[in-house]
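J.: Protein chains in written order, with my numbering: chain A, 1 to 537; chain B, 1001 to 1123; chain C, 2001 to 2663. The beta carbon of each residue, even a glycine, is placed where N, CA and C say it ideally should be.
(1) Using DSSP's beta-bridge definition, name the partner residues of residue 83(A).
(2) Rounded to whole angstroms, what is the Cα-Cα separation between residue 546(A) and residue 507(A)?
(3) Taking the CB atoms as reference points, tell me whether residue 338(A) and residue 302(A) lie closer together than 9 Å.
(4) Which same chain residues end up closer than 8 Å to residue 1002(B) when comparing Cβ atoms and leaving out the 5 residues on each side of it in sequence?
(5) Secondary structure at residue 1026(B), three-state DSSP: helix, strand or coil?
(6) Going by alpha carbons, who is nearest to residue 181(A) out of 434(A), 368(A), 149(A) and 419(A)?
(7) Does the beta carbon of residue 2649(C) sit closer than 9 Å to a beta carbon anywhere in chain B?
(8) Name the one or two DSSP bridge partners that residue 2067(C) has.
(9) Determine the direct distance from the alpha carbon of residue 93(A) to that of residue 524(A), and round the result to whole angstroms.
(10) Compute the Euclidean distance between the alpha carbons of residue 41(A) and residue 173(A), then round it to the nearest angstrom.
(11) May I ask you to list, following chain order, the residues of the region 2199 to 2218 of chain C that have a beta carbon less than 9 Å from some beta carbon of chain A?
(12) Select from 1052(B), 1033(B) and 1006(B) the residue whose C-alpha is nearest the C-alpha of residue 1019(B).
(13) Determine which residues of the region 1073 to 1106 of chain B have a Cβ less than 8 Å from any Cβ of chain C, and write them out in chain order.
(14) Does the Cβ-Cβ distance between residue 2473(C) and residue 2356(C) come in under 9 Å?
(15) Note down, in chain order, each residue of its chain lying with its Cβ closer than 6 Å to the Cβ of residue 1045(B), except the 5 sequence neighbours on either side.
(16) Given residue 13(A), which residues of its chain have a CB within under 6 Å of its CB, disregarding the five upstream and five downstream residues?
(17) Counting C-beta neighbours from all protein chains within 10 Å, is the total for residue 321(A) 16 or more, i.e. buried, or is it exposed?
(18) Express the C-alpha separation of residue 2462(C) and residue 2370(C) in angstroms, rounding to a whole number.
(19) Does the distance from the CB of residue 2010(C) to the CB of residue 2116(C) come in under 9 Å?
(20) Do we get a CB-CB distance below 9 Å when we pair residue 2490(C) with the residues of chain A?
(21) Step through the CB atoms of chain B and report whether any lies within less than 9 Å of the CB of residue 2653(C).
(22) How long is the line joining the alpha carbons of residue 2014(C) and residue 2114(C), rounded to whole angstroms?
(23) In the DSSP assignment, what residue or residues form a beta bridge with residue 2080(C)?
(24) Tell me whether residue 1972(C) is buried or exposed, calling it buried when 16 or more other Cβ atoms sit within 10 Å of its Cβ.
(25) Mind checking if residue 365(A) is an interface residue toward chain C, Cβ cutoff 9 Å exclusive?
(26) Compile a chain-ordered list of the residues in the region 2060 to 2078 of chain C whose CB is closer than 9 Å to at least one CB of chain A.
(27) For a cutoff of 9 Å on Cβ pairs, would you count residue 1177(B) as touching chain C?
(28) Based on DSSP bridge pairs, tell me the residues matched to residue 2132(C).
(29) Answer with buried or exposed for residue 235(A), where buried requires no fewer than 16 other C-beta atoms within 10 angstroms of its C-beta.
(30) Could you give the DSSP three-state label for residue 2563(C): helix, strand or coil?
(31) Answer with buried or exposed for residue 501(A), where buried requires no fewer than 16 other C-beta atoms within 10 angstroms of its C-beta.
(32) Nearest to residue 154(A) by CA position, among 125(A), 170(A) and 162(A), is which residue?
(33) Is the Cβ-Cβ distance between residue 494(A) and residue 406(A) less than 9 Å?
(34) Return the residues of the region 1007 to 1028 of chain B that lie within a Cβ-Cβ distance of less than 8 Å from chain C, sorted by chain order.
(35) Extract the residue ranges of the alpha helix (DSSP H) inside the region 89 to 142 of chain A, only unbroken runs of 4 or more that lie entirely within it.
(36) For the alpha helix (DSSP H) containing residue 2600(C), list its first residue and its last residue.
Here is the structure:
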């Protein structure tokens, strides 16, 4: 088990270096590009297999215990140790990361990304995977910070080199914003390390804040919380996200939304809640308030993006949609803003400080990774076909009629939208519902009326979410002027290609499975969360 | 020998060098003045090494280091000055001001995107 | 097979059918029809089996832990009592009829596989709601139904009407579902469980913390799903979907869920007098308003839609007076005859090539062209108007009897005002119901020349289903003497005074419309009206889609028509204009919800662009300005730099000396 976990962390880094070397004679493939992309698929596939093996070997009866632990000294002078391990909180995230990276590599293999050499692309992808996996598996504060930072550089280059319009600006904004957040977080981590006498998360969590004075906890929680909130992202620290998503290539968006955002919320659960409980308790209402505002704010912004912009289509005046409010937005931007809303649910769950809320947060993390990953893949596919992801130019007068022109793609897009709006029976529901249920009864000592208000705001958010997603479906999937003509008046588009099917179907299947059998995830996280909140790992 | 002689000599040398560095125009003379300052330091090192009777003779060892570095530095420095003179026809430090920040340069960068990018970079 | 296994299989079979259809639909079109029809039929057989085994005896409970949540766990639970097993039989039978009917109605439709899968999924979701003994699992079925109706109503997505209607159907029901969810939270936190048995136990011991608030929150969800005032506006618009879907939504699934849920948790509602009064007023307003609106509709399906809203009003009225037996009895009979009416309407629309009553009133011989639909619909309309001896009469009598019971103060814990409200509204609505039934029948089957255009004969699958549904429409009323054993044991048999009153009202309503029709008939020939679908030989679904798409263009509105020969127009007088638009509720909602939300969206966009972005940009610009200031020091002269450096080090040295000497 230990070797398995260590291999999961090391393999992507080794693979990243290997991707830069020339291919060995036996593996040249058709061309150097093809060889290196295949190398990416192989390595990420191997990591996925290892991750699944780790999950299979995981002792489900004791998900609260750290398993597959490695603990060796690294920098004795500073007391930094190579401490690795997984429990019920981190295991699902680890597997999700491996899966999404593999799907991205697969997608890139079939559809070479437009930009400079694929060699660097694969190396960066693997480095990104290594960093993300490490930040979910390390149990040392300094190592966590290192892993957290490792991820930024490859993401910066993925956006800046392989992105779309305005990529340089978006990449700059991404890196500056997140690095600024990380610096604040580093200060908090160091404070904990110096005052607590160790950087070991397990030991600190076992103390449950008893070794830290009240004011130390407050300052540390504020500093670390700010850093993580930038990453999550928490309203109003979100403005890097839409730009980065809009400019990033499809795979970049998928990984950014699917995995990178989760590092922020994971940090809250792993560091802030157990190590600085007093600080968490003091700041929880503020976190919840910002999260609730973020939910409504993100949904309203999406609504503005989803509605048709005024003046573009005077002929649709009789339409039921209120035209004058629309902005006519980019689909990728819209999904990025929807991420702000969804991550709001995650943060709201965390801010209730109850086992239910944290379970909800962890579940919603995974669900958001699956569903938003799928949506970004789908939007990428739509963009490939139409050459644009701008809603106004896509939908024309009545709609893009994707149901008619590419039925499978249209159906999948509708599925993604329905999953994203939190339909019960699919993955999105349980996280949102439990987050609201938790804020219905927050932990002792937190103001119940305030949390009831947050719950109502969140409920309003689900309504608005349903609104904008269905408007998107209406404008993209439906369309026509009442006559069913055979053949369809608009030229048919290529429906799902084989590689797209391969990349999308695991996400669809997992979304349905997680929705129908939530115990698969909640059963893992529940004991672990109870231990984290109760002290001790 | 009393410590005060070498110390005063070193101070005089250093001041001469400092004056040369700050006031001379010719780049070669500036370099020479730097050498004077370095040698003033060397003198101090050796003098204090003797005065303190250091077992390891760290002052002497450091002096050797400084001499070596000064030799390397003057070599590269002179080469640069030579090239500058060849390229521009002058070795006058007052006239070698290409790196200055002046008003016209700022006006040139007024394209909004550029300015903002810079601003963000600065953030 | 144990009863539990059979009961698990009932929702599972249609679900598996749906999954299989979705997976194989495009590859193997030959399997789609069997995959759609057979699981539903099997589920119907099993539901009958479960009903026979259960037999109205003790409730059967079985549970399995679905998931822990950290506080209140969620269980996969079955709760089978008399209500559940009978409603399940209704659902599966109607769903089977709809599936059979659809095979012919949507023949040659390339989208039939996804349609059939969604209908199966819809059925499975409703069965989950019916059998589930856990509120959270019930909510899963509840919302899956919502999304299925969204997709099915949007089946004709080429038409603007269907696009708007599907969106509206989902959002309006979701508007009710959010408070509904909070109501469930309240129940669960008081009871410590999501199980219905646990919740009912808590209610029985009187330990609900906020009974009125809980009931009202739940009521919002019920109003949304069961299309009660003020959240009923989605239902008439949902007529833009295919006719079999309308039949499914109206007869057995979606709208029945709200009533059924309230019947299940009736003790929660009776715990609060205020909630019962609200329920009664809601039912009364719904009944009266919808009956008036039905009189003014031109689209035959919209008439039926408003009649559904009204009949659901009767059911919620029965619940408001605390008699869930009557409510579910009416739900069962209504399910049978409303399914029949809708499926018959589908046949009529195809035969006439239009969905407009005004156009049908100008066609002679429509009745002769579709004799099956004509006869079965006549009986079903009589049942809807509650004319004895058809089933609708008995169930409506049960409702009115319960209301009268409560009005006289004989029902413990039920406010008399609720009884009076329901009773009076029920009687007036009986009159109006008979009126619009008569109007529908007269305009549809007694049209004057010219002859109806020749459309192809309907297939046996479509007409056969009508005759099957005719049996319960006629005979289900006799169950009034059997059902009390299955329900709470209260008598459902009609009583003489209310029977006389309501039948009298119904006859009066019918006669008044007949009289008005005789007067206006002469006008019909003078004002030619009507648009008929172009291709009579196409599948029924195609002509229906054309009819929906052209209604707005041909008659100026999707609801009403400018037809002076309409008896409803004569009777309603100045009210007609308002009734046709559903009393302007849509406009009100646009002003109350849609526009503020739109404005808020615009505000947020402004905030994001101007406010949030400003501090981000400020954080970038401020260091930029600082940098610009510092850049001024860059003269390019090395010696200046060195001088400054020297001065600085002197200052530092002095400072160090001063600090060291302690000055």
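T.: On the basis of the coordinates in this document:
(1) The residue given as residue 83(A) occupies position 83 in the first chain. 71(A).
(2) Here chain A has residues from 1 to 537 only, and residue 546(A) is not among them.
(3) On the first chain, position 338 is the one that residue 338(A) refers to. On the first chain, position 302 is the one that residue 302(A) refers to. Residue 302(A) sits close to residue 338(A), with the two beta carbons spaced by under 9 Å.
(4) Numbered from 1 along the second chain, position 2 holds the residue referred to as residue 1002(B). The answer is none, since no qualifying residue turns up.
(5) On the second chain, position 26 is the one that residue 1026(B) refers to. Look at residue 1026(B) here: in three-state DSSP terms it is strand.
(6) The residue you call residue 181(A) lines up with position 181 of the first chain. Among 434(A), 368(A), 149(A) and 419(A), the Cα nearest to that of residue 181(A) is on 149(A).
(7) Indexing the third chain from 1 puts residue 2649(C) at position 649. Residue 2649(C) does not count as touching chain B.
(8) As a first step, residue 2067(C) is located in the third chain; it is residue number 67 there, counting from the start. 2074(C), per the DSSP bridge assignment.
(9) To locate residue 524(A), count along the first chain from 1; it is residue 524. To locate residue 93(A), count along the first chain from 1; it is residue 93. Approximately 12 Å, taken between the alpha carbons.
(10) Here residue 41(A) corresponds to residue number 41 of the first chain, with the count starting at 1. Here residue 173(A) corresponds to residue number 173 of the first chain, with the count starting at 1. Taking the straight line joining both Cα atoms gives about 30 Å.
(11) none
(12) The residue given as residue 1019(B) occupies position 19 in the second chain. Ranking the options by Cα distance to residue 1019(B), first place goes to 1033(B).
(13) 1093, 1094, 1096, 1097, 1098, 1099, 1100, 1101 and 1106
(14) Within the third chain, the letter at position 473 stands for residue 2473(C). Within the third chain, the letter at position 356 stands for residue 2356(C). For residue 2473(C) and residue 2356(C), no; Cβs fall outside 9 Å.
(15) As a working note, residue 1045(B) is residue 45 in the second chain. Correct list, in chain order: 1059, 1062 and 1063.
(16) Stepping through the first chain from its first residue, residue 13(A) is reached at position 13. So the list reads 130, once near-sequence residues are dropped.
(17) What you label residue 321(A) is simply residue 321 of the first chain in a count that begins at 1. With a pLDDT of 46 at residue 321(A), under the threshold of 50, the predicted position of this residue should be treated as unreliable, though the coordinate-derived value follows. Residue 321(A) sits buried, since 16 or more C-beta atoms from the chains shown fall within 10 Å of its C-beta.
(18) Counting from one through the third chain, the residue named residue 2370(C) turns up at place 370. Counting from one through the third chain, the residue named residue 2462(C) turns up at place 462. Distance between the alpha carbons of residue 2370(C) and residue 2462(C) is about 11 Å.
(19) To locate residue 2010(C), count along the third chain from 1; it is residue 10. To locate residue 2116(C), count along the third chain from 1; it is residue 116. For residue 2010(C) and residue 2116(C), no; Cβs fall outside 9 Å.
(20) On the third chain, position 490 is the one that residue 2490(C) refers to. It does not: the Cβ of residue 2490(C) has no partner Cβ on chain A nearer than 9 Å.
(21) On the third chain, position 653 is the one that residue 2653(C) refers to. Answer no: the Cβ-Cβ gap between residue 2653(C) and chain B never drops below 9 Å.
(22) Against the third chain, residue 2014(C) aligns to sequence position 14. Against the third chain, residue 2114(C) aligns to sequence position 114. If you take the alpha carbons of residue 2014(C) and residue 2114(C), they lie about 14 Å apart.
(23) As a working note, residue 2080(C) is residue 80 in the third chain. 2060(C).
(24) Nothing about residue 1972(C) can be reported from this structure: the residues present for chain C run from 2001 to 2663 only.
(25) For the purposes of this step, residue 365(A) is taken as residue 365 along the first chain, with counting starting at 1. Not an interface residue.
(26) Listed by position along the chain: 2065, 2066, 2067, 2068, 2069, 2070, 2071, 2072 and 2074.
(27) Lying before the first or after the last residue shown, residue 1177(B) is absent from chain B, which here runs from 1001 to 1123.
(28) Reading the third chain from its first residue, position 132 is the one you call residue 2132(C). Its beta-bridge partners are 2078(C).
(29) Taking the first chain and counting its residues from 1, one reaches residue 235(A) at position 235. By the 10 Å Cβ count, residue 235(A) comes out buried.
(30) As a working mapping, residue 2563(C) is identified with position 563 in the third chain. Note: residue 2563(C) maps to coil in three-state DSSP.
(31) For this step, residue 501(A) is matched to residue 501 along the first chain. Exposed, since its Cβ has fewer than 16 Cβ neighbours within 10 Å.
(32) By one-based count along the first chain, residue 154(A) stands at place 154. Minimum Cα distance to residue 154(A) is reached at 125(A).
(33) In the first chain, residue 494(A) corresponds to position 494, counting from 1. In the first chain, residue 406(A) corresponds to position 406, counting from 1. A contact, by the Cβ cut-off of 9 Å.
(34) 1018, 1021, 1022 and 1023
(35) The qualifying runs are 91 to 110 and 118 to 137.
(36) Sequence index remark: in the third chain, residue 2600(C) carries index 600 (1-based). It spans 2595 to 2606 - the alpha helix (DSSP H) in which residue 2600(C) sits, taken as one unbroken run.
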